[in-house]
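Residue numbers (this note's numbering): 16 to 196.
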Amino acid sequence: RVRTRRAAGPVATTTLLAEIRVLGYTGSPNLLVRYLEQGRAEESLADPSVRRLTSWIMTDPDHLADEPGTHRDKLTAVCPEMTALTSHVTAFAKLLAHHEHPTTGHAALAEWIEAVNGDDLPALHAFVRGLQKDQDAVQAGLDLPYSNGATEGINNKTKLLKRQTYGRAGFALLRQRILLN
């Protein structure tokens with residue numbers, strides 16, 4: 016109640032205290048003042064960590080909940096570079112997620128590269144240079160239905176089992192653990 020009331024506009028603390036007392040607040044006026052001074056009433060609008068914002072940018076906007084989605088849009092709208100970065104990352108993620116016909120996928124990748132090169136985003140320019148160095152492999156990854164995900168999953172599981180033994184397990188024990196898991 017306090018957050019929504021404060022978001023609507025400035026309101027006197029005494030007025031706010033009277034409103035929440037009607038709703039059943041039994042605390043002291045000093046407690047309410049401390050709550051407001053510490054900024055807890057605006058806590059829902061706190062800036063997310065870099066990791067959280069990155070995950071919001073990397074997530075398909077259709078799969079984001081309403082609050083993180085609007086918060087992401089507000090934060091990226093402040094800076095034109097962030098808006099461009101978000102749109103490029105989203106477009107590339109959709110390009111990877113939706114394997115299209117080989118000729119369309121090739122054209123879509125070329126369009127995406129041109130769009131990135133048209134913006135002043137040095138980090139994405141470096142990423143594009145890396146893609147262009149291995150253009151054939153990137154195109155094959157976009158066009159072909161094959162994936163080495165299962166192999167990578169087994170490698171990841173093997174490394175996890177090896178790590179859990181702190182390097183003390185011999186080959187026989189490691190082999191047994193891999194076969195049993």
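Built from N, CA and C at the ideal position, the CB exists for glycine as well.
Quick caveat, the model's predicted, so the values are computed rather than measured.
Can you give, in chain order, each stretch of the alpha helix (DSSP H) that sits fully within the region 107 to 145 and has at least 4 residues? 117 to 133
Output needed for T173: all residues of its chain with C-beta closer than 7 Å, excluding positions within five of it in sequence on either side, in chain order. I193
Could you check if H113 is buried or exposed, using at least 16 other CB atoms within 10 Å of its CB as the buried criterion? exposed
Beta-carbon contacts of T101 that lie in its chain and below 7 Å, excluding the five residues immediately before and after: I72 and T91
Contact between the region 102 to 112 and the region 68 to 82: three or more CB pairs below 8 Å? yes
Does the distance from the C-beta atom of L111 to that of L157 stay below 9 Å? yes
Quick one: grab the DSSP three-state call for G182. coil
Does the beta-carbon of V26 have 16 or more other beta-carbons within 10 angstroms, so that it is buried, or is it exposed? exposed
Under 9 Å between C-beta atoms of L51 and V17: yes
Alpha-carbon to alpha-carbon, L32 and R49: 13 Å
If I measure Cβ to Cβ from D134 and keep anything under 6 Å in the same chain, skipping five residues before and after, which residues do I get? A99
What does the alpha-carbon distance come out to for the pair S2 and A80? There is simply no residue 2 to check, as the chain begins at 16 and stops at 196 in what is shown.
Which term fits L188, buried or exposed, when burial requires 16 or more other beta carbons within 10 angstroms of its beta carbon? exposed
Alpha-carbon spacing of T41 relative to K89, whole angstroms: 36 Å
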